[in-house]
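Below: one structure, written as structure tokens.
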Amino acid sequence: MTVLLGENSAGKSGATDALRMLTEPLDGRRSLWADDNDVCRTGDHASFTLRMALRGTAFELAPYSDAFAPSPRTGEAEARYALTYEPPGAAETRGRMSWTAGSGAVADDPDPGARSRLRHVYLPPLRDAARELGPAGSSRIRAIVERMLADEAFVDEAGDRHDRTRFQSEVGEHLRRIELNTVLVRASQKVNEPLTELTSGAHEHITDLGYGRADLTSLVRGLRMRMADAGVEPRDLAESGMGYANLAFIATVLTHLHAAAQADLTLLLVEEPEAHLHPQLQAVLLDYLARTARDSQRTTDNGWLGRIQVVVTTHAPLLAAHTDVDDIVVLQRRPVTAPQNATSDPPGRAAPVRFTASAVAVAELGLDPADRARVNRYLDATRSSMLFGPRTVLVEGIAEALLLPAMARTLFTGRDWTRFIGSTIVAIDGVDFGPYLRMLLTMTPSGRIANRVAVLTDTDPGKRHDPVGALRRLIHTLGATDAAAVFASPSTLEPELLDAGNTAFWPAWSAQRPTAGPRLKTRVDAAADADERARILISAMKKTRLRKGDFAQNFLDHTTTDGHALQVPAYIREALTWLVAPLP
Numbered sequence: 001m002t003v004l005l006g007e008n009s010a011g012k013s014g015a016t017d018a019l020r021m022l023t024e025p026l027d028g029r030r031s032l033w034a035d036d037n038d039v040c041r042t043g044d045h046a047s048f049t050l051r052m053a054l055r056g057t058a059f060e061l062a063p064y065s066d067a068f069a070p071s072p073r074t075g076e077a078e079a080r081y082a083l084t085y086e087p088p089g090a091a092e093t094r095g096r097m098s099w100t101a102g103s104g105a106v107a108d109d110p111d112p113g114a115r116s117r118l119r120h121v122y123l124p125p126l127r128d129a130a131r132e133l134g135p136a137g138s139s140r141i142r143a144i145v146e147r148m149l150a151d152e153a154f155v156d157e158a159g160d161r162h163d164r165t166r167f168q169s170e171v172g173e174h175l176r177r178i179e180l181n182t183v184l185v186r187a188s189q190k191v192n193e194p195l196t197e198l199t200s201g202a203h204e205h206i207t208d209l210g211y212g213r214a215d216l217t218s219l220v221r222g223l224r225m226r227m228a229d230a231g232v233e234p235r236d237l238a239e240s241g242m243g244y245a246n247l248a249f250i251a252t253v254l255t256h257l258h259a260a261a262q263a264d265l266t267l268l269l270v271e272e273p274e275a276h277l278h279p280q281l282q283a284v285l286l287d288y289l290a291r292t293a294r295d296s297q298r299t300t301d302n303g304w305l306g307r308i309q310v311v312v313t314t315h316a317p318l319l320a321a322h323t324d325v326d327d328i329v330v331l332q333r334r335p336v337t338a339p340q341n342a343t344s345d346p347p348g349r350a351a352p353v354r355f356t357a358s359a360v361a362v363a364e365l366g367l368d369p370a371d372r373a374r375v376n377r378y379l380d381a382t383r384s385s386m387l388f389g390p391r392t393v394l395v396e397g398i399a400e401a402l403l404l405p406a407m408a409r410t411l412f413t414g415r416d417w418t419r420f421i422g423s424t425i426v427a428i429d430g431v432d433f434g435p436y437l438r439m440l441l442t443m444t445p446s447g448r449i450a451n452r453v454a455v456l457t458d459t460d461p462g463k464r465h466d467p468v469g470a471l472r473r474l475i476h477t478l479g480a481t482d483a484a485a486v487f488a489s490p491s492t493l494e495p496e497l498l499d500a501g502n503t504a505f506w507p508a509w510s511a512q513r514p515t516a517g518p519r520l521k522t523r524v525d526a527a528a529d530a531d532e533r534a535r536i537l538i539s540a541m542k543k544t545r546l547r548k549g550d551f552a553q554n555f556l557d558h559t560t561t562d563g564h565a566l567q568v569p570a571y572i573r574e575a576l577t578w579l580v581a582p583l584p
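UniProt numbering applies: residue 1 is where the sequence shown begins, and numbers increase by one.
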């Protein structure tokens with residue numbers, strides 16, 4: 001399974017559409033074709049080319065021998081295909097599509113039939129379950145029924161085979177008995193009484209009430225998917241919650257996967273599976289999709305590989321949190337300067353800016369197993385948000401995470417405030433920032449995941465090693481000094497709040513330690529300098545086991561209700577100002 005993460009307009013749907021163009025629909029009904037709108041509008045682009053690489057063993061790729069190309073990975077074979085679309089010429093109404101197999105030395109695909117072994121099933125992002133599973137979308141229900149009737153292994157409880165002819169005969173007979181119901185017959189007679197008089201002057205006509213032809217399409221058209229809680233009589237799908245109705249729709253799409261056994265590779269393309277689902281159902285659905293892909297890896301004996309590869313697009317942090325980091329690909333849009341068009345751009349006009357999508361696969365970052373395991377454990381729904389936005393603040397714990405939004409509110413307005421809101425604050429619950437920095441800042445040919453990372457930490461005087469220096473050296477080693485910076489307090493957070501002039505400090509302290517607070521304040525006020533004040537406070541925090549998260553909450557309570565002004569320590573002010581500056 002591959003999960004494509006990214007902010008809006010990062011290219012997730014574009015990547016999905018490319019996969020849909022490169023492979024055949026599993027049910028044979030194509031709904032997407034290349035057209036002129038797919039060609040990049042900026043610059044001087046006359047066509048586009050999509051490239052696909054298949055990796056596996058020589059046995060797995062044997063049917064694609066005409067597309068073999070050198071593989072960058074030892075022990076693996078690789079088959080490549082390229083699809084090129086050219087818009088129609090002046091006297092043409094349709095564009096031209098051409099395929100190339102292999103390394104591209106020959107502009108041809110000598111065995112196009114091999115590509116038919118590569119299929120896809122597409123689940124769109126905007127799903128109207130009531131419409132898709134009602135009369136307007138009866139084709140989905142018909143497809144399920146048709147597959148069952150075509151399955152020679154399908155028998156009823158008595159062991160009898162059901163084919164199309166038997167199905168149509170039995171259901172048609174039931175409908176004919178309904179047509180003979182006394183009420184329906186009498187209703188027809190009521191219509192025929194005036195109709196006979198109206199038509200007897202020419203050619204007399206009569207009517208009756210019936211169900212039409214007893215063919216499969218007509219029989220299924222009147223069916224509606226119904227649903228309810230288990231044990232409750234099912235009702236119309238429109239009466240169910242949108243989330244469960246969407247799961248019913250997804251379930252009908254997943255029934256197509258039985259046909260994956262007659263293909264080498266079927267891509268299950270799922271866009272935004274989180275739509276209308278509460279968090280627990282999101283996690284269950286993702287786990288089901290992952291198991292579907294795993295189960296397909298078993299060997300088959302019918303001449304097909306029968307593999308399923310799930311590709312999910314999402315901007316839901318919860319789904320990212322439930323995904324192994326090796327299965328995550330982060331999509332971003334990056335600005336590039338487009339070449340000027342000599343025929344349409346006026347002289348002296350600045351070169352236009354356009355955006356291009358880039359993809360960073362976490363599996364290709366080269367994280368060591370310990371870093372990968374730690375990130376996997378820590379990547380919950382909150383921390384995984386850092387994979388989506390351009391700005392991230394890494395802090396030690398909950399106290400900093402609580403204080404930063406309030407401090408930013410006192411510092412910024414307008415776009416600076418908006419940029420801060422669009423940033424992700426990640427409390428790592430410790431001081432081991434290394435795994436996060438390596439994941440966010442490791443450079444790949446497509447770039448790195450993060451655009452800007454600020455690390456807020458404490459110097460914690462008295463330690464034998466230099467953690468702040470180690471972090472700065474790591475950033476330098478990663479070649480990310482333009483994208484990341486470390487901002488360290490001279491001591492630790494709480495003494496810096498006091499030295500910044502926050503009068504809410506002592507009321508917040510007394511909220512946890514009401515008797516020790518006044519005595520401690522007397523000692524701190526008598527200290528010779530900031531270093532001594534910090535030592536006294538740090539020692540008192542350890543002895544009294546001050547709860548830092550609760551202290552931050554109490555501190556903010558007093559700044560909002562008791563009139564104590566919130567003063568921002570210098571190192572935090574510097575970090576936030578750097579964070580919200582415009583990106584290059």
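Ideal Cβ positions, reconstructed from N, Cα and C, are used throughout, including at glycine.
Using DSSP with H/G/I as helix, E/B as strand and the rest coil, what is residue i?
i	result
Ser9	coil
Gly28	coil
Gly397	coil
Thr2	strand
Thr266	strand
Thr313	strand
Trp578	helix
Leu305	coil
Gly479	coil
Ile425	strand
residue 601	Nothing can be reported for residue 601: it is not among the residues displayed for the chain, which extend from 1 to 584.
Ala101	strand
Leu19	helix
Gly222	coil
Phe420	helix
Phe68	strand
Ser489	strand
Val39	coil
Measure the C-alpha to C-alpha separation of residue i and residue j and round it to an integer number of angstroms.
i	j	result
Ser423	Gln282	24 Å
Leu313	Met97	Sequence check: residue 313 is Thr here, not Leu. Spanning the two alpha carbons is a distance of roughly 27 Å.
Leu471	Gly434	7 Å
Ala46	Arg147	43 Å
Leu237	His174	25 Å
Arg140	Arg30	14 Å
Pro124	Glu274	12 Å
Lys542	Thr392	30 Å
Gln262	Phe68	22 Å
Gly389	Gly6	8 Å
Thr481	Glu494	28 Å
Asp151	His276	34 Å
Leu319	Ala359	18 Å
Leu216	Leu184	23 Å
His120	Thr323	22 Å
Leu118	Arg573	55 Å
Asp163	Ser169	10 Å
Leu365	Arg535	41 Å
Thr199	Arg176	27 Å
Thr382	Arg166	56 Å
Ala408	Val395	15 Å
Starting from residue i, follow the alpha helix (DSSP H) in both directions and report where the run begins and ends.
i	result
Tyr436	434-441
Phe555	548-561
Asp458	Run containing Asp458: none in the alpha helix (DSSP H); it sits in the beta strand (DSSP E), 452-458.
Thr544	530-544
Ala261	Unbroken run through Ala261: none, as it is neither H nor E.
Phe505	505-512
Ala248	242-254
Is it true that the CB of residue j sits closer than 7 Å to the CB of residue i?
i	j	result
Val453	Val486	no
Leu437	Ile449	no
Asn502	Leu583	no
Thr2	Asp327	yes
Check for me: the beta strand (DSSP E) holding residue i runs from which residue to which?
i	result
Met52	48-56
Val375	Looking at the DSSP string, Val375 is not in any beta strand (DSSP E); the run it does join, the alpha helix (DSSP H), is 369-378.
Phe355	353-361
Thr84	77-86
Asp232	Asp is not the amino acid found at residue 232; the sequence shown has Val there. Where Val232 is concerned, there is no enclosing beta strand (DSSP E), given that its DSSP letter is neither H nor E.
For the ligand MG, is there a heavy atom less than 6 Å away from the beta-carbon of residue i?
i	result
Ala575	This structure lacks the ligand MG; in fact it carries no ligand of any kind.
Sequence ranges, beta strand (DSSP E) only - wholly within the region 111-165, length at least 3: Counting whole runs of 3 or more residues, the region 111-165 contains the beta strand (DSSP E) stretches 118-123.
Report the start-end ranges of each alpha helix (DSSP H) in the region 178-210 that is 4 residues or longer and not cut off at the edges. Within the region 178-210, the complete alpha helix (DSSP H) runs of at least 4 residues are 182-199.
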